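Only one structure is covered here, and it is reproduced in the block below.
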Amino acid sequence: MLISVVVPVYNEQEVLPHLFEKLPAVLERTGYSYEIIVVNDGSHDGTADWMRQQARLDDRIKLIQFSRNFGQQAAMTAGLDYARGDVVVVMDADLQDPPELLDAMLEKYYEGYDVVSCQRISRAGETWFKKFTATAFYELMRRAIDRRIPAEVGDFRLYSRDAVDALRAFREQHRFMRGLVAWLGLREAFIPFHRPQRVAGETKYPVSKLIKLAWTAISSSSAVPLKLCTYLGWIVMACGLLSATLIPLAAMNWISVSLTGLGWATFQLALTGFQLIAIGLLGDYVGRIYEESKQRPLYIVAETCNVSVKRDMPRSVWMSGRADFATSIPSEQESDGVIRIPTRAPRRAA
Ligand code: UDP
Ligand code: MG
């Protein structure tokens, strides 16, 4: 088995010596072969030079150098594209994602999970502002956008080969990996951990970049913001209706409100409400075009029984998983006469 570790890095020259002191040792201990893929996301410090030197010393260390800063999401994507491992682990460079969790992650993988996510139960050395915004972000994502996005799970994850291949089917420009993983709906296990502080250097996410990421997360996972206009339109329309019901009361002098004023208010509210609803309707169509333009797969097949898997169906992902009993039945895929015994335990129900 080959383990690929993908590490996106941006100006991390102070951090890398710490990472490479620890990570290879942990990987050696697993007894499997491994590759460490560092994706240099347009760093302008000594990151590239330091990494080139490491790659020269050990060919299991790979360097993918971006022409400029494309962002962590793009760097992770490049790493997943390149990785050849049977399992791929994505982690930050700053040792906030402890490599020691690898054994526990592999254990879960062997239990049959396609995604093993590490879930933070505490965060050391982070300002109250960062903790507050992070909690607010996860709450917003879960309540308003996608309930499937787990709280306190970052990008520190192990993916099976199947999961990586499924993720690679997503080629949309504005991407939020956590949203994509949630969308896939694969069998996911969680490993709780205490998140230590950065081993050196500063966070690469200033507030402006965090806001940008949050907006990408929201807009790429959901069309809810487009619907807000429609909701607002109905509220304004309801106010218009209320104002209309007051007109007869004012006409009969039961309430002392100017009839002309009330008439105008009703007219304005009804018109604004109508306009907002019309914009919302337009937004709904734009939202559908947006969804279509992403060219996402139409469905993900996690497992089949007695079904010969055809992998050339456009915009669909067929994972290699199959039910227990099917492991002894040669499928069409195995018409070369070779019965391939799965290398790990059969999948469990999620
Ligand atoms: N990173 C990246 N490109 C960026 C920003 C960050 O590749 O534009 C990398 C960074 O080097 C680190 C990981 O993404 O390995 C997470 O960044 P950071 O630790 O600064 O985020 P935080 O833990 O503060 O949320
Ligand atoms: Mg960090």
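If you want the working numbering, it's the 1-based position in the sequence shown plus 200.
Virtual Cβ for every residue (Gly too), placed ideally from N, Cα, C.
If you're wondering where the values come from, they're calculated on a predicted model, not measured in any experiment.
Proximity of residue i and residue j at Cβ, strictly below 7 Å
i, j, result
"lysine 308", "alanine 389", "yes"
"histidine 374", "threonine 416", "yes"
"glycine 385", "glycine 433", "no"
"glycine 279", "isoleucine 203", "no"
"valine 209", "methionine 291", "no"
"serine 443", "threonine 472", "no"
"phenylalanine 376", "serine 420", "yes"
"aspartate 362", "methionine 519", "yes"
"valine 424", "leucine 358", "no"
"arginine 348", "alanine 382", "yes"
"valine 239", "isoleucine 264", "yes"
"alanine 366", "valine 517", "yes"
For residue i, three-class secondary structure by DSSP
i, result
"aspartate 249", "helix"
"arginine 268", "coil"
"aspartate 179", "Since the first and last residues shown for the chain are 201 and 550, residue 179 lies out of range."
"threonine 504", "strand"
"serine 531", "With a pLDDT of only 43 at serine 531, under the threshold of 50, the placement of this residue in the model should not be trusted; the figure read from the coordinates follows. DSSP places serine 531 in coil when its eight states are reduced to three."
"isoleucine 447", "helix"
"glycine 488", "According to the sequence provided, residue 488 is arginine. The question's glycine does not apply to it. Helix at arginine 488."
"histidine 218", "helix"
"tryptophan 383", "helix"
"isoleucine 477", "helix"
"alanine 526", "Residue confidence is low: alanine 526 scores 40 on pLDDT, short of 50, so the model does not pin down where it sits. Its coordinate-derived value is still stated next. In the structure shown, alanine 526 sits in a helix (DSSP, three-state: H, G or I)."
"aspartate 355", "strand"
"tryptophan 518", "strand"
"glutamate 388", "strand"
"tyrosine 234", "strand"
Own chain residues within Cβ distance below 6 Å of residue i, not counting five before or after
i, result
"glutamine 397", "Ala324, Gly325"
"alanine 400", "Glu214, Val215"
"cysteine 429", "Leu476, Ile479, Gly480, Gly483"
"glutamate 212", "Thr247, Ala293"
"glycine 440", "Thr466, Leu469, Ala470, Gly473"
"proline 299", "Lys222, Leu223, Val226"
"glutamate 228", "none"
Cβ shell of residue i (< 8 Å), same chain only, five flanking positions each side left out
i, result
"leucine 295", "Val215, His218, Leu219, Lys222, Pro396, Arg398, Val399"
"arginine 371", "Gln495"
Other residues of its chain near residue i: CB distance less than 7 Å, five sequence neighbours each side excluded
i, result
"alanine 283", "Ser204, Val206, Ile237, Val364"
"threonine 327", "none"
Would you mind listing the beta strand (DSSP E) stretches within the segment 257–344 that are 3+ residues and don't spill past its ends, in chain order?
Whole beta strand (DSSP E) segments, 3+ residues: 261–265, 287–290, 315–323.
Specify whether the segment 439–459 and the segment 412–429 touch according to this definition: at least 3 beta carbon pairs, one from each stretch, less than 8 Å apart.
Contact annotation: the segment 439–459 does not touch the segment 412–429, with fewer than three C-beta pairs closer than 8 Å.
Report yes or no: do the segment 266–283 and the segment 247–255 share at least 3 C-beta pairs separated by less than 8 Å?
Not touching, per the Cβ criterion.
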